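Undergrad: The opening position of the sequence shown corresponds to residue 1 in full-length UniProt numbering, with each subsequent residue numbered one higher. Where a beta carbon is used, it is the ideal one built from N, C-alpha and C, also for glycine. None of the values given here were measured: they were computed from a predicted structure.
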Amino acid sequence: MRPLSEEARPSGSGVRSVLRTPDLLALFDERHRSRTVRQLIDASGPAKSTVVRLVATLEQRGCR
Numbered sequence: 001m002r003p004l005s006e007e008a009r010p011s012g013s014g015v016r017s018v019l020r021t022p023d024l025l026a027l028f029d030e031r032h033r034s035r036t037v038r039q040l041i042d043a044s045g046p047a048k049s050t051v052v053r054l055v056a057t058l059e060q061r062g063c064r
């Protein structure tokens, strides 16, 4: 496998998003099938804009 070119490498914020996504998903279980944005922010820590962006991306990818 060839290494990514400098232009194709993810930015630091892209890597942080990848690391935060499993944290958000871990907040859902059989007892907590839905969460408010406020609950996600309080439990995971990122800014509201970050949580909203991550949730929107997950929804676009079919996670509901």
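(1) Secondary structure at R35, three-state DSSP: helix, strand or coil?
(2) State the DSSP-derived secondary structure class of P22, mapped to helix, strand or coil.
(3) Should V51 be labelled buried (16 or more other beta-carbon atoms within 10 Å of its own) or exposed?
(4) State the DSSP-derived secondary structure class of G62, mapped to helix, strand or coil.
TA: Answer, in terms of the structure:
(1) coil
(2) helix
(3) buried
(4) coil
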